[in-house]
Amino acid sequence: MIDTATRADGASAMRKRDHLPAGKPAFHSPCLTKKQAAGLALMLTLCHAASGQPVERDKARVYRFSIPAGNMASALEAFSETTGTQLSYPSVLVRDVKSNALSGSYTPEQALAKLLGDSDIGYRFADDKVVALAQAPKKNYPDNPAPGKTVELSAMTVKGDSFGPDDSSPYIKSESTAGSKIPIETTRIPQSIQVITGEALKDQGALSIGNILKQVPSATVIGTRFSRFPKISIRGFRADQNRNGIRQIFGGDVDWSALSHIENVEVLKGPGSTVYGQQTNDGGGVINVITKRPFDEFASEFSFTRGGYDEFDGDITSGQWDLNGPLLADGALKARFTGEIEGSESFINFQNLDRENFGLALAWDDGGPVRGFINAEYQHRSTAPNPGLPVFGTVRGSGFGNISRDTYLGEPNFDNLEIETPLVQAWLDIDVGENWKISPRFQYDEFNGDQDQVFLGPTTLDAATGRINVARTGRTGFKERDRAYIGQIDITGTVETGFLTHQIFLGGDYTKSHFGTSSVNLAGVPAIDALNPVYLAAQPAAGPVLIGSHGTSELGSFAFQDIISITPEFDLTGGLRQSTYSAKRLNIASGVTSEIDTDNTSYQVGGTFHATDSIHFFAGYGEGFSPLPAIAMANGASLEPGESEQVEAGVKINFPSGLSGTASFFDITRSNVTTPDRFNPGFQVATGEIQSRGAEVELAYQVTEQWYIQGGYAFIDAEITQSNANDVGNRPEKIPEHQANIWTHYRFDSGVLKNLTLSAGANYVGNRPLDNANTAVLPNYTTLDLATSYTWKNIKLELFANNVLDKRYFVSADFGPAVFPGDPRAIFGRVSLKF
Numbered sequence: 003m004i005d006t007a008t009r010a011d012g013a014s015a016m017r018k019r020d021h022l023p024a025g026k027p028a029f030h031s032p033c034l035t036k037k038q039a040a041g042l043a044l045m046l047t048l049c050h051a052a053s054g055q056p057v058e059r060d061k062a063r064v065y066r067f068s069i070p071a072g073n074m075a076s077a078l079e080a081f082s083e084t085t086g087t088q089l090s091y092p093s094v095l096v097r098d099v100k101s102n103a104l105s106g107s108y109t110p111e112q113a114l115a116k117l118l119g120d121s122d123i124g125y126r127f128a129d130d131k132v133v134a135l136a137q138a139p140k141k142n143y144p145d146n147p148a149p150g151k152t153v154e155l156s157a158m159t160v161k162g163d164s165f166g167p168d169d170s171s172p173y174i175k176s177e178s179t180a181g182s183k184i185p186i187e188t189t190r191i192p193q194s195i196q197v198i199t200g201e202a203l204k205d206q207g208a209l210s211i212g213n214i215l216k217q218v219p220s221a222t223v224i225g226t227r228f229s230r231f232p233k234i235s236i237r238g239f240r241a242d243q244n245r246n247g248i249r250q251i252f253g254g255d256v257d258w259s260a261l262s263h264i265e266n267v268e269v270l271k272g273p274g275s276t277v278y279g280q281q282t283n284d285g286g287g288v289i290n291v292i293t294k295r296p297f298d299e300f301a302s303e304f305s306f307t308r309g310g311y312d313e314f315d316g317d318i319t320s321g322q323w324d325l326n327g328p329l330l331a332d333g334a335l336k337a338r339f340t341g342e343i344e345g346s347e348s349f350i351n352f353q354n355l356d357r358e359n360f361g362l363a364l365a366w367d368d369g370g371p372v373r374g375f376i377n378a379e380y381q382h383r384s385t386a387p388n389p390g391l392p393v394f395g396t397v398r399g400s401g402f403g404n405i406s407r408d409t410y411l412g413e414p415n416f417d418n419l420e421i422e423t424p425l426v427q428a429w430l431d432i433d434v435g436e437n438w439k440i441s442p443r444f445q446y447d448e449f450n451g452d453q454d455q456v457f458l459g460p461t462t463l464d465a466a467t468g469r470i471n472v473a474r475t476g477r478t479g480f481k482e483r484d485r486a487y488i489g490q491i492d493i494t495g496t497v498e499t500g501f502l503t504h505q506i507f508l509g510g511d512y513t514k515s516h517f518g519t520s521s522v523n524l525a526g527v528p529a530i531d532a533l534n535p536v537y538l539a540a541q542p543a544a545g546p547v548l549i550g551s552h553g554t555s556e557l558g559s560f561a562f563q564d565i566i567s568i569t570p571e572f573d574l575t576g577g578l579r580q581s582t583y584s585a586k587r588l589n590i591a592s593g594v595t596s597e598i599d600t601d602n603t604s605y606q607v608g609g610t611f612h613a614t615d616s617i618h619f620f621a622g623y624g625e626g627f628s629p630l631p632a633i634a635m636a637n638g639a640s641l642e643p644g645e646s647e648q649v650e651a652g653v654k655i656n657f658p659s660g661l662s663g664t665a666s667f668f669d670i671t672r673s674n675v676t677t678p679d680r681f682n683p684g685f686q687v688a689t690g691e692i693q694s695r696g697a698e699v700e701l702a703y704q705v706t707e708q709w710y711i712q713g714g715y716a717f718i719d720a721e722i723t724q725s726n727a728n729d730v731g732n733r734p735e736k737i738p739e740h741q742a743n744i745w746t747h748y749r750f751d752s753g754v755l756k757n758l759t760l761s762a763g764a765n766y767v768g769n770r771p772l773d774n775a776n777t778a779v780l781p782n783y784t785t786l787d788l789a790t791s792y793t794w795k796n797i798k799l800e801l802f803a804n805n806v807l808d809k810r811y812f813v814s815a816d817f818g819p820a821v822f823p824g825d826p827r828a829i830f831g832r833v834s835l836k837f
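Just so we're aligned, residue 3 is where the sequence shown starts under this note's numbering, counting upward by one.
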């Protein structure tokens, strides 16, 4: 397998399928001595002998291809993914080069010759899995190339020490769809993007989306996986979740621990309405989850996780599976079935966690111009709706002692939270000509929730009795029934106008949503002593009034984005989305119906200057649009949609040494923020404003094939700039000023420790206010995580120790003036078996 192609100026690129072993040859100069050639041959022979693969087996194998004409770099990556062939070439070789379309069944050599047919690029097979590309005379390829006929290239020198930046690490991904509906190098998008790979999810022992996003320096987690509905903020504002590029209206709230069907997580930092449309949150960013897709071979993996919490009762117990294979003899139809079942007792008294999630992915590809995909998922979670803990005795002193982290202040005899959601996505990829693709998409999802729960109110300290008395309210019979239909069409393609090359996205979508909630308040829920809670034997009486709301909303939009390659050194990106939104909402208790009918145009513009193949300066401006579901003001009109805008400038790097990352300055303003109506108590108006500005750095370095390290830091200077709540000048709730993270992973590949890995990570979260009034501060904390694994044949054993130092810390609860305990020291193991 080969690593990277390196020019004299250090530029490099590589397209690959898996991470690379030691001894990585690299393109360098036009000379190959006999000794060097012998050394290369010996190295490649040893590599294949070690793997037990016949040298000519894969070179003669026939694969099915369906690669549209377009960007050569993307086409070569698709070729590499299909065949497992490693391609080595300098990235300048393919910049602004167009590839032929490739559809049908070919050997790797036939396919590569067709892809390169109209270019000035030649190829040489070093062996059946290693191909070097270089400049060659044009039109040297036959119309129907036969195996064994290659283009003669100049001789080359091989080096073994360079480690390329382009997906040469299982933890680094150079392309993403987060900044555009077109898979494109992240260095060409004038906005910060961070991709977290599936390998990182596994090796870090992530138990939730919140664990995953510790890698994102500006991401703040509100709640934990034991909270009712945890949330995520990026750069000071709430972020949205998408799945395979389609908006998720409800899915992010169901099961934060449903990771078994996730392949990668793409994080777009800042507003993303131009590409993704209406944002359901505040415009902090978009978390685009890419689910697992089926592949050609039969494969399966089963794993079992078991562990617990040091010094606390409770356990972590779950089982996972991943099954893949073709369903038809010709392999045109493939399926992948994933899932996880967990039955754990949390470290919190009376709070168990029972959940199931299943994923089924189907793919149809017979080598023709039409490919079909289905992604179906089901998630279910049953637990207790933990209301959290009061400020006194946790983040502030009480004078009576600290509240234990395992304390439950709800009512275990009748509290209940049960949620489920089915999700179905289906789409086609239709090649139109050589340069265009049409993708009609459809999504249906539901959110079904049932709750009986208690909420925390004000806290009083009773000096006479030494009690921390917490007032409480509650509700019973809460039901939420939501469903949404989304139809979407994406048209992507490449066109040239003179010396300009345009990569274009045209899109339209329509969303129809139905939502409804209903419940009854509990009367006379008594206060509880947080230091010595005594629980009720029976539920308090329900009130006489049914409260809640139900209604519908509709959203239609049209979008256009153009990524223009003006010169090999400069890209310009521009886009807009026109949206129309309407909603009706009936308040069950009052009988009043609120309506909203509005539209919005969101813009995006930016540019990227490629100073070298490894250094890319960018600047951009983007907008966000997040309407509310028809909430009435005092005058009967509905609140205006929230809007956000970001200005960002920075630099992205991807050095041949394996170092990549982004450093940027950002300034985000969110307007039309809801704030109390000064003249009509109990109502709100949309006249508030919050500003967040700061800097963020994230770096990843594949030092050697064995050693990987990543880290980041974010500084967020956020301020409430307009408000009617007497909090202008305050720091917005739950947002730290400083955050940082680091994680490193080392794999031994020789000697008695071969196949042993060691990992360590640390995460720092700074002080942050509990609420906008800044009445309390959540103290800063640092957690340390360790892990190790050993692989023997098809068995992998892993051991994780999270929060090794057992740091006592608290995060914001997802509702009300409460805090939630962070997980104490947790130690768990996982055994995996692959077939």
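Built from N, CA and C at the ideal position, the CB exists for glycine as well. Source: prediction; values computed, not measured.
Item                                                                                                                                                                                  : Value
Could you give the distance in angstroms between the alpha-carbon of T676 and the alpha-carbon of G690?                                                                               : 6 Å
What first and last residue would you give for the beta strand (DSSP E) that runs through V267?                                                                                       : I264 to K271
Run through the segment 270-321 for me and flag every whole beta strand (DSSP E) of 3 or more residues, listed as ranges in chain order.                                              : 287-293 and 301-311
Check E735 in the structure and name its three-state DSSP category.                                                                                                                   : coil
Using CA coordinates, which residue listed in I488, P771, E313 and R295 is at the minimum distance from A365?                                                                         : R295
Whose C-alpha, out of W429, I633 and S567, is nearest the C-alpha of Y446?                                                                                                            : W429
Ignore the nearest five residues each way along the sequence and tell me which others in I491's own chain have a CB closer than 6 Å to its CB.                                        : P442 and G510
Given this structure, state the Cα-to-Cα distance separating G451 from A544, to the nearest angstrom.                                                                                 : 19 Å
Going along the chain, which unbroken runs of the beta strand (DSSP E) with 3 or more residues stay wholly within the segment 793-831?                                                : 797-804, 812-814 and 821-823
Using three-state DSSP, classify G200 as helix, strand or coil.                                                                                                                       : helix
For a quick check, are the C-beta atoms of Y811 and G824 less than 7 Å apart?                                                                                                         : yes
My understanding is that G576 touches Q606, with C-beta atoms under 8 Å, so please give their C-beta distance in whole angstroms.                                                     : 7 Å
Have a look at the DSSP bridge pairing and note the partners of Q563.                                                                                                                 : F507 and G577
Can you name the start and end residues of the alpha helix (DSSP H) that A80 belongs to?                                                                                              : M74 to T85
From E647, M635, A702 and I376, pick the residue whose C-alpha is nearest to that of S662; which is it?                                                                               : A702
Of the choices Q193, P826, F81 and R66, whose alpha-carbon is the least far from that of T179?                                                                                        : Q193
Using alpha carbons as the reference points, say which of A363, A465, T496 and F231 lies closest to R383.                                                                             : F231
Under the DSSP definition of a beta bridge, which residues are partnered with A352?                                                                                                   : Sequence inspection shows Phe at residue 352; the Ala mentioned does not correspond to that position. DSSP output for F352 lists no bridge partner at all.
For a minimum of 4 consecutive residues, which ranges assigned as the alpha helix (DSSP H) are wholly contained in the segment 574-619?                                               : none
Closer than 7 Å by C-beta to A532: which residues in its own chain qualify, once you throw out the five before and the five after it? Chain order, please.                            : L391, P392, G395, I405, T409, L411, I470 and V472
Give the range of the beta strand (DSSP E) segment to which P460 is assigned.                                                                                                         : W438 to D464
Do you know how far the Cα of E413 is from the Cα of S604?                                                                                                                            : 46 Å
Measure the beta-carbon distance from K271 to R245 and round it to whole angstroms, keeping in mind my assumption that it falls under 8 Å.                                            : That belief does not hold up - the Cβ atoms of K271 and R245 are roughly 19 Å apart, past 8 Å.
V372: buried (16+ other C-beta within 10 angstroms of its C-beta) or exposed?                                                                                                         : exposed
Grab me the residues of S841's own chain with a C-beta within less than 6 Å of its C-beta, minus the 5 sequence neighbours each way, in chain order.                                  : The first residue shown for the chain is 3 and the last is 837, placing residue 841 beyond what the model contains.
Is it true that the CB of V767 sits closer than 7 Å to the CB of Q741?                                                                                                                : yes
Cα separation between A241 and A331?                                                                                                                                                  : 44 Å
Return the Cβ separation of E647 and T671 in integer angstroms, given the expectation that the two are a contact with Cβ distance under 8 Å.                                          : 6 Å
Distance, Cα to Cα, I421 vs V99?                                                                                                                                                      : 50 Å
Just to confirm before moving on: does the CB-CB distance between D454 and T478 stay below 7 Å?                                                                                       : yes
With burial defined as no fewer than 16 other Cβ atoms inside 10 Å of the residue's Cβ, what is the status of V133: buried or exposed?                                                : buried
Give every residue of the same chain whose Cβ lies closer than 7 Å to the Cβ of P678, excluding the five residues on either side of it in the sequence, and list them in chain order. : Q686, N726 and A727
Applying the 10 Å Cβ sphere with the 16-neighbour rule, what's the burial state of E707?                                                                                              : buried
For the beta strand (DSSP E) containing L117, name the first residue and the last one.                                                                                                : That residue, L117, is in no beta strand (DSSP E); its alpha helix (DSSP H) goes P110 to L117.
By Cβ distance, which residues of its chain are closer than 8 Å to W794, with the 5 residues on each side in sequence left out?                                                       : N757
Could you please give the first and the last residue of the uninterrupted beta strand (DSSP E) stretch that includes N213?                                                            : Taken as a continuous stretch (DSSP letters only), N213 belongs to no beta strand (DSSP E), being part of the alpha helix (DSSP H) at I211 to I214.
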